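Asks:
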């Protein structure tokens with residue numbers, strides 16, 4: 352290990368930052384936003400308990416991600432060379448116990464909120480751990496896991512708040528399809544690394560099939576997101592938000608489709624844009640519930 356990297360490895364601030372990166376803030380941030388939205392749709396109040404309850408499911412999901420990185424650390428160097436474990440900034444033992452600690456902390460917190468939210472959090476943890484340990488290389492399993500990361504927090508939040516409102520079918524379905532599209536674009540980005548470790552994905556052929564599938568998922572999500580305006584009487588502000596989010600998704604998917612061959616770098620930027628749009632959609636829908 353180079354001398355500069357050893358020095359950085361001993362720096363407590365660098366270690367803390369590396370552990371935070373390993374927890375994937377963008378993903379557990381989405382989980383937090385989804386849980387807060389689900390709680391509002393379930394009739395929950397707007398106060399500090401929303402923050403605490405949403406943090407619990409976010410800890411569960413962060414723990415599952417860290418666990419997956421620790422479990423598959425030998426392949427992360429190929430697929431994700433900038434991962435803190437692959438860079439040696441976090442020791443495998445640290446990652447192992449961090450993942451299990453976050454899972455235990457999140458599940459313990461959700462157990463104090465009632466049986467139904469605990470059951471939803473436990474199911475989420477079980478699903479993600481099942482993927483980590485047994486389904487990591489199974490065709491389309493990674494895409495399903497990506498959808499679960501955004502869908503289950505919404506369901507969890509709705510159950511935790513008492514499930515007083517209508518089931519959050521529309522936001523869960525729209526966000527789930529957006530997450531599937533984002534993960535398929537990620538498959539395009541990591542196609543070569545996936546082939547080297549024997550992981551089967553839609554991008555394995557190197558053709559345009561994954562881009563087409565992602566485009567269909569994005570268009571479906573855009574259509575579903577518009578329905579509350581007509582079916583549930585949502586405001587024009589919501590209609591504008593849903594139309595803008597859906598339009599951007601379709602636009603980016605079309606840019607990918609225009610290319611004769613999928614571009615891994617552009618697919619990666621599209622995946623990041625889709626995750627950002629999921630957050631925007633959750634935030635806009637949360638705002639709608641406040642009025």
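Numbering (the working numbering), first residue to last: 352 to 642. No residue lacks a Cβ here, since even glycine has one placed at the ideal position from N, Cα and C. All of these numbers come straight from a predicted model, not from anything done at the bench.
#1: Quick one: what does DSSP say residue 587 is sitting in, helix, strand or coil?
#2: Check residue 514 in the structure and name its three-state DSSP category.
#3: Tell me whether residue 485 is buried or exposed, calling it buried when 16 or more other Cβ atoms sit within 10 Å of its Cβ.
#4: Between residue 635 and residue 532, what straight-line distance do the alpha-carbon atoms span, to the nearest angstrom?
#5: Looking only at its own chain, which residues have a Cβ that is under 6 Å from the Cβ of residue 461, when we skip the five neighbours before and after it?
#6: Assign residue 352 to one of three DSSP states: helix, strand, or coil.
#7: Output the distance between the C-alpha atoms of residue 536 and residue 441, rounded to the nearest integer angstrom.
#8: Please work out which residues of its chain come closer than 6 Å, Cβ to Cβ, to residue 386, disregarding the five sequence neighbours upstream and downstream, and give them in chain order.
#9: For residue 420, does the three-state DSSP call read helix, strand or coil?
#10: In whole angstroms, what is the alpha-carbon distance linking residue 369 and residue 435?
#11: Run the CB neighbour count on residue 648, radius 10 Å, all protein chains shown included, and call it buried at 16 or more, exposed below.
#12: Under 8 Å between the Cβ atoms of residue 423 and residue 378?
Replies: In short, the structure shows the following:
#1: Residue numbering aside, residue 587 sits at position 236 when the chain shown is read from its first letter. Helix, per DSSP.
#2: For the purposes of this step, residue 514 is taken as the residue at position 163 of the chain shown. Here residue 514 carries a coil assignment [DSSP, helix/strand/coil].
#3: In the chain shown, counting from the first residue as 1, residue 485 sits at position 134. The residue is exposed, with fewer than 16 neighbouring Cβ atoms inside 10 Å.
#4: Residue numbering aside, residue 635 sits at position 284 when the chain shown is read from its first letter. Residue numbering aside, residue 532 sits at position 181 when the chain shown is read from its first letter. Going by the C-alpha atoms only, they are around 20 Å apart.
#5: Residue mapping note: residue 461 aligns to position 110 of the chain shown, counting from 1. Closer than 6 Å at the Cβ level, and outside the excluded window around residue 461, lie 407, 468, 469 and 472.
#6: Position 1 of the chain shown, counted from the start, is the residue given in the question as residue 352. Residue confidence for residue 352 is low, a pLDDT of 47 falling below 50, so the modelled location carries little weight; the figure read from the coordinates is stated next. Residue state for residue 352 is assigned as coil, using DSSP reduced to three classes.
#7: Along the chain shown, read from residue 1 onward, the residue named residue 536 stands at position 185. Along the chain shown, read from residue 1 onward, the residue named residue 441 stands at position 90. Those two C-alpha atoms are separated by around 28 Å.
#8: If you number the chain shown from 1, residue 386 lands on position 35. Answer for residue 386: 405, 408, 504, 507 and 508, listed in chain order.
#9: The residue labelled residue 420 in the question sits at position 69 within the chain shown. Residue 420: helix per DSSP, three-state reduction.
#10: Counting from one through the chain shown, the residue named residue 369 turns up at place 18. Counting from one through the chain shown, the residue named residue 435 turns up at place 84. Spanning the two alpha carbons is a distance of roughly 6 Å.
#11: As shown, the chain starts at 352 and ends at 642. That puts residue 648 outside it, with no answer to give.
#12: The residue given as residue 423 occupies position 72 in the chain shown. The residue given as residue 378 occupies position 27 in the chain shown. Result no, Cβ atoms of residue 423 and residue 378 do not sit closer than 8 Å.
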